[in-house]
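For reference, the structure is listed below as structure tokens.
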Amino acid sequence: MAVWGQTLLSVAIVVFSVIRWWSRRKSMPPGPLGIPLIGNRFQLPAVKPWRKFAEWNRQYGPVVSLFLGSSPVIVLGTAQPAWDLLEKRSDIYSSRPRFVVAGEILSNNKRGLMLPNNEHWRKWRKVLHIGFHSRRAETYKEIQSLESKVMIHQVLSDPKNYERHLQRFAASVVTSVTYGRRVNSVDEWIVKENMEAMDCSIPGKYLVESWPWLLKLPRSLQWFRREPEQRRQRDITFLMHLFNDVKTRMQNGTIPDCLAAQTISSMNQSGMSELEVAYAVSSPFGAGIETTAGTLSVFILAMLHFPEVMRAAQAELDRIVGHDRMPEFDDRENLPYIVAIINETLRWRPVAILGGTPHAVTADDEYNGMFIPKGSTIFSNFFGIMQDPVMFPSPEMFRPERFLETSEPRLQTFELPFGFGRRVCPGMHLALNSLFINIARLLWAFDILPALSEGGPDTLPDPDNFTDGFNSRPVSFECRFVRRNVKVESCIEEEWQIAKGKLENWE
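Laid out in structure tokens, this is it:
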């Protein structure tokens with residue numbers, strides 16, 4: 380009799396859960412139905428889930444809901460609902476969902492990017508704001524310009540390995556402003572260790588994210604722990620090595636001013652431990668290399684497919700800069716077409732394909748008559764947003780002119796690619812400066828041309844062949860960098876010699 384009672388109780392609990400799930404589902408934004416208690420997990424591919432998100436947005440509308448296990452997920456497929464919710468209602472949309480693997484297991488909740496809206500996150504955000512606010516970013520322009528001159532010379536002398544040169548530039552700028560040390564090669568341990576970090580934030584990748592009750596299994600049966608826990612130990616060793624190196628150089632008086640030194644000096648006031656500081660200051664190092672180098676690769680890909688844009692940009696550069704000197708940051712106001720190319724590069728194929736790390740809502744909410752339950756994970760799907768034909772007519776075309784012709788203030792400034800509200804990317808100003816100085820100089824120095832094919836037409840890379848990671852960049856492709864004239868080559872050589880000498884004295 381007792382067994383029957385327990386069975387009936389279990390059935391009742393399941394039936395109640397299904398009814399409750401269905402009741403919530405009816406009032407939420409439209410979306411694929413899924414299976415009660417399982418949700419839409421098996422409809423969502425582990426590889427490039429943003430494509431499926433965009434398909435659902437086209438089918439159901441700009442705001443779509445689904446479930447991963449019992450966790451509600453809201454996908455925003457156009458910019459307006461993202462602005463309405465993540466910015467205008469940022470008081471309840473600025474938290475993060477629970478990251479079982481990437482947050483809890485991989486870093487013991489030490490990575491600020493994944494922290495919910497709490498005191499630990501506010502400490503992390505303060506560190507990053509002090510280091511990268513707009514006025515502070517102005518002080519980094521000298522090192523960015525010097526590293527850019529080195530990169531341009533590397534492309535001139537070794538064009539086949541242009542990707543490595545872009546990555547070295549991005550790595551050296553970030554390590555310089557963060558740790559007060561340069562990077563001469565992407566083969567250095569500090570770069571390789573960073574680039575081998577686990578990519579754990581893709582939705583649907585780990586079963587435990589949908590079914591966190593798996594954490595109640597005996598530890599020996601939690602198969603998903605082994606790899607991230609091994610990586611966590613490597614990360615701690617790596618980050619503490621960088622931390623202790625900065626401390627030693629501070630004691631010796633041999634370190635330039637940098638984010639890590641500033642943060643270590645104020646540890647008593649911040650109340651952060653050494654390991655917390657080590658993780659906090661590593662944030663730009665972890666995020667900045669792949670996004671900056673990847674976006675520059677997108678720009679090169681676009682120039683191959685839209686050579687008329689390259690010619691128009693070079694005409695602007697020839698008129699404003701000429702051939703006797705390189706473009707400098709002071710030229711920016713006089714190069715509106717170059718700035719428009721940067722905006723269009725960020726729009727055409729965004730590297731932070733899901734709008735960065737997802738948000739979470741901390742209270743029940745309603746949007747245009749649709750119920751958004753507390754705890755929902757919110758994705759702003761840039762794969763769809765940046766291809767919205769209403770906001771961006773002919774979205775597959777690479778048209779910088781759209782940013783010069785628009786009267787929409789949000790498109791004139793175009794901070795959209797850097798996220799929303801209180802979670803906007805703190806390194807935005809540093810990133811935009813890196814993109815400007817390198818895009819302007821690459822266009823000033825080189826004709827970017829397709830690779831030559833033996834006995835056939837020039838080879839154009841697939842414009843949609845991108846990597847599968849959380850930051851999705853173009854798969855490696857070949858192309859040619861042909862210096863535009865003898866004056867340009869002479870200028871590159873001269874500026875490289877000057878930059879090399881200054882950088883030797885910088886460290």
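Going by the working numbering, the sequence shown opens with residue 380, and the numbers climb by one from there. Even for Gly, the Cβ is constructed at its ideal location relative to N, Cα and C. This structure is a prediction, so every number in the text was calculated from the model and none was measured.
Residue i burial status per 10 Å Cβ neighbour count (16 or more: buried)
i	result
I414	exposed
D566	exposed
V562	buried
K528	buried
R501	exposed
S513	exposed
K753	exposed
Q791	exposed
H544	buried
K595	exposed
Q612	exposed
A433	buried
W435	buried
Given residue i as reference, the closest of the options once Cα atoms are compared
i	options	result
E687	E780, E712, L596	E780
R490	H702, L618, L586	L618
R789	P411, N722, I751, R801	N722
F685	D826, L621, V454	D826
T554	T457, K571, K539, D743	K571
L492	G448, S662, L831	S662
E588	A481, D744, P597, F849	A481
S786	G798, M770, F777, E775	M770
F793	G673, L725, E526	L725
R515	P768, A810, L831, T633	A810
A830	H808, C858, A824	C858
E695	E707, N713, D709, F678	N713
E466	Q630, F799, E874	F799
A731	V861, L485, P853, Q533	P853
K505	S469, M646, I634	M646
I531	E868, N884, E883	E868
S450	L485, L586, A425	L586
N488	E608, L447, A691	E608
G763	I417, T457, L423, E517	T457
H620	L654, E526, C637, A549	L654
DSSP three-state assignment for residue i, whether helix, strand or coil
i	result
P451	strand
V443	strand
C858	strand
I417	coil
P476	coil
I471	helix
F845	strand
T616	helix
P840	coil
P853	strand
P424	coil
D709	helix
I634	coil
L828	strand
W590	coil
L412	coil
S564	coil
N864	coil
H702	coil
Alpha carbon of residue i to alpha carbon of residue j, nearest angstrom
i	j	result
S396	N496	Unreliable positioning characterises S396 in this predicted model, as indicated by a pLDDT of 49, which lies under 50. The coordinate reading is nonetheless provided below. So the alpha carbons of these two residues sit roughly 29 Å apart.
S773	M705	34 Å
E542	S855	8 Å
N864	I871	11 Å
R711	K520	13 Å
F906	D843	Missing from the structure shown is residue 906; the chain here goes from 380 to 886 and no further.
H702	L683	23 Å
M749	P411	15 Å
T627	S644	13 Å
K405	Y439	14 Å
G667	R802	16 Å
A878	G806	24 Å
F761	S652	36 Å
F603	R477	16 Å
N573	R437	37 Å
E745	P408	10 Å
S499	P428	One point to set straight first is that residue 499 is His, not Ser, in the sequence displayed. Each residue's alpha carbon lies about 30 Å from the other.
R420	L445	9 Å
I634	A640	8 Å
G632	T642	16 Å
Discussion item. In chain order, what are the residue ranges of uninterrupted alpha helix (DSSP H) at least 4 long that sit wholly in the segment 717 to 804?
Written reply: The qualifying runs are 761 to 764, 780 to 784, 788 to 792.
Item to complete: Ignoring anything shorter than 4 residues or poking outside the segment 479 to 562, list the alpha helix (DSSP H) runs there in chain order.
Response: Fully enclosed alpha helix (DSSP H) runs of 4 or longer: 498 to 511, 513 to 517, 520 to 536, 541 to 558.
Fill in: Any alpha helix (DSSP H) of 4 or more consecutive residues that is wholly inside the segment 638 to 691
DSSP runs (the alpha helix (DSSP H)) wholly in the segment 638 to 691: 638 to 644, 646 to 649, 653 to 660, 662 to 684.
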